[in-house]
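Residue numbers (the numbering used here): 13 to 651.
Cβ atoms here follow ideal geometry from the backbone N, Cα and C, with glycine treated the same way.
Worksheet: the structure to be examined is printed underneath.
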Ligand code: SF4
């Protein structure tokens, strides 16, 4: 019996209505770890290139890891991995909450789902058993209604449900999957993949305890965290008190709060949509994910001017910025209502906000008119219009049908110069951190295989001249010993980005919540290694764990290369090369020549050739020579 993981992976073929179990060996687990890395392994091995993401050959993997689910703050995450219907590239979405741990308690480390059910179905997993059940009665329901109906049908209120709403059923390309109604596997359209398979939900209940080699050590580190994080970490008390919404005011004061589709980074209404305002008005309580003492999740309730249902939680920083300031909306209740609707219908709040902001800028530039919007006055700042658009996108009504395709496709369809307002990388909408301000964000958006994603490396802020000793000490084990200017992009910054990228990628493999494990936050890298060692019984090291991260980055890149992505796809939208219009960062922009040089240097640094293809030598070093053979098979090493 292994420690930390179950050694069992569930396979589901919806076309054949077949459920089987496989038991990979320790070599497999020690190479791929879990989460995004484990998922990428199956996508590369079992999905041919150019498979239609909505086709029955498309695979979606729900993956825990060798350590997730132990009762320690920050171990609540799991990942879904799939080919994105939004970008055509590989995708991983992470969510905390309760689904990942419950899957482990039910006896499985991951679920691989392929095929397409003839009729709406849901998957029921309980204590080592699984069955495909009829979901005809819950198709067309919201995530909340579906969760209630499944729990009632199965007679257990404690069942954890990961499911989709109408947006997933309607194949909105950025539909998400929700667990417990408020924890979203948010980005890149995993919900639409489930919708295309007629899979409404996965319900899980387990009673198994995770076997740990040295439980005492694990629990004593967890106890130390819970007793001290509020006192010691300069960031974590803010997280407990205000949630991630604590970032609204600092982002605005430093000129990087996306406003009116990234025209500027300063929003005059920021205080009205801040974490402080939420705490003082509509906050019901903070909530935790499984075993987490941070309790950063928000639950809000309101009656005026919109009724907001607390069962769908409350808005995070990203949601507030994308549906608030980026749409010019300064009404926190409207933003909370839009958040509720996104969770109810199963929409990614980031891409939804980005699509609405895109449409607002098109409207203000007369690319679309009231005739297109159904008489809605879609100007920046119109809160009612923003809320209405969320419904229209989820239901694919009117112009919502075009926006449901994502800004890239929507701009192509609208024409008339709409492309310049479509802010995306590789088709994924830019989230709520301005890449013109912080260089790690510039590099993260440009070079990430999944597209514009803000959690691919630590942002620069904590590591600039004058950095506080608490942060500095925590990153020294990585060889990061000098602070660098916020926006500089030189060889030292690229090296630092690469080091952080491996850390974040390792966390996505082990399914660690970045809010507890960011290298500068509370847990130290040494404590992480101690915990992985104590959970799995492996005599492991930071070096070995970082290899998980490097492996994931290389596999993701290889998947995209096989799909036909090229160096040209590593680029930012044109707006990022134009100056920010106002505020403390007025005039700041990304330098194109410097970015080109940075991309070339990064490729060399990570062992990719000048076209951005991972070399055979690098893949062999990562024990991924089979991936090099796969690229060879598809002629990806030939010019
Ligand atoms: S830090 Fe916040 S998001 Fe992360 S596991 Fe804890 S409560 Fe959940």
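- At a threshold of 7 Å, residue 527 counts as near the ligand SF4, since its beta carbon sits closer than that to one of the ligand's heavy atoms.
- Its chain contains 172, 216, 218 as the residues whose beta carbon lies nearer than 6 Å to that of residue 114, once the 5 sequence neighbours on both sides are disregarded; these appear in chain order.
- Taking the Cβ of residue 76 as the reference point, every heavy atom of the ligand SF4 lies at 7 Å or farther away.
- Distance check between residue 395 and each of 406, 360, 443, 351 places 351 closest, using alpha-carbon atoms only.
- Pairing residue 133 with residue 211 gives a Cβ-Cβ distance under 8 Å.
- Residues 265, 266, 267, 277, 278 of the same chain have their beta carbon placed closer than 8 Å to that of residue 596, with the five preceding and five following residues left out of the count.
- Counting along the chain, the unbroken alpha helix (DSSP H) around residue 509 starts and ends at 503–522.
- Per DSSP, the unbroken beta strand (DSSP E) holding residue 90 starts and ends at 90–95.
- About 5 Å separates the Cβ atoms of residue 150 and residue 161, confirming a contact at the 8 Å cut-off.
- The ligand SF4 has a heavy atom closer than 7 Å to the beta-carbon of residue 88.
- Ranking 570, 190, 317 by CA distance to the CA of residue 623 puts 570 first.
- In the structure shown, the three-state DSSP call for residue 445 is coil.
- Close CB contacts of residue 154 within its chain, under the 6 Å cut and outside five residues either way in sequence, are with 177, 356 (chain order).
- For residue 172, the beta-bridge partners assigned by DSSP are 216.
- Here DSSP, grouped into helix, strand and coil, assigns residue 562 to helix.
- Nearest C-alpha to residue 502 among 182, 71, 610, 94: 610.
- Per DSSP, residue 192 has no beta bridge partner at all.
- At a cut-off of 7 Å, the beta-carbon of residue 85 counts as near the ligand SF4: some heavy atom of the ligand is closer than that.
- At a cut-off of 3 residues, the continuous stretches assigned as beta strand (DSSP E) that sit fully inside the stretch 18–59 are 21–25, 30–34.
- Look at residue 266 here: in three-state DSSP terms it is coil, with no helix or strand label.
- Distances between the C-beta of residue 158 and the heavy atoms of the ligand SF4 are all 7 Å or more.
- Under the three-state reduction of DSSP output, residue 465 falls in the coil class, being neither helix nor strand.
- For residue 363, the uninterrupted alpha helix (DSSP H) run begins and ends at 361–376, by DSSP.
- When distances are taken from the beta-carbon of residue 309 to the heavy atoms of the ligand SF4, the shortest one is below 7 Å.
- Look at the stretch 550–605 and you find these whole runs of alpha helix (DSSP H), each 4 residues long or longer: 554–575.
- When the beta-carbon positions are compared, residue 49 and residue 521 come within less than 8 Å of each other.
- A Cβ-Cβ contact shorter than 8 Å links residue 88 with residue 525.
- The stretch 539–552 makes no contact with the stretch 94–108; the number of CB pairs closer than 8 Å stays below 3.
- Residue 362 sits away from residue 417, with the two beta carbons spaced by 8 Å or more.
- DSSP places residue 146 inside the beta strand (DSSP E), whose first and last residues are 141–146.
- Setting aside the 5 residues that flank it on each side, residue 436 is surrounded in the same chain by 419, 420, each with a C-beta closer than 6 Å to its C-beta; the list follows chain order.
- Residue 337 carries a helical assignment under DSSP once its states are collapsed to helix, strand and coil.
- DSSP places residue 644 inside the alpha helix (DSSP H), whose first and last residues are 637–645.
- In the three-state reduction of the DSSP assignment, residue 439 falls in the coil class, being assigned neither a helical nor a strand state.
- If you ignore the 5 residues before and after residue 403, its C-beta comes within less than 8 Å of the C-beta of 353, 357, 409, 412, all in its own chain and listed in chain order.
- For residue 304, the closest of 626, 108, 642, 483 by C-alpha to C-alpha distance is 108.
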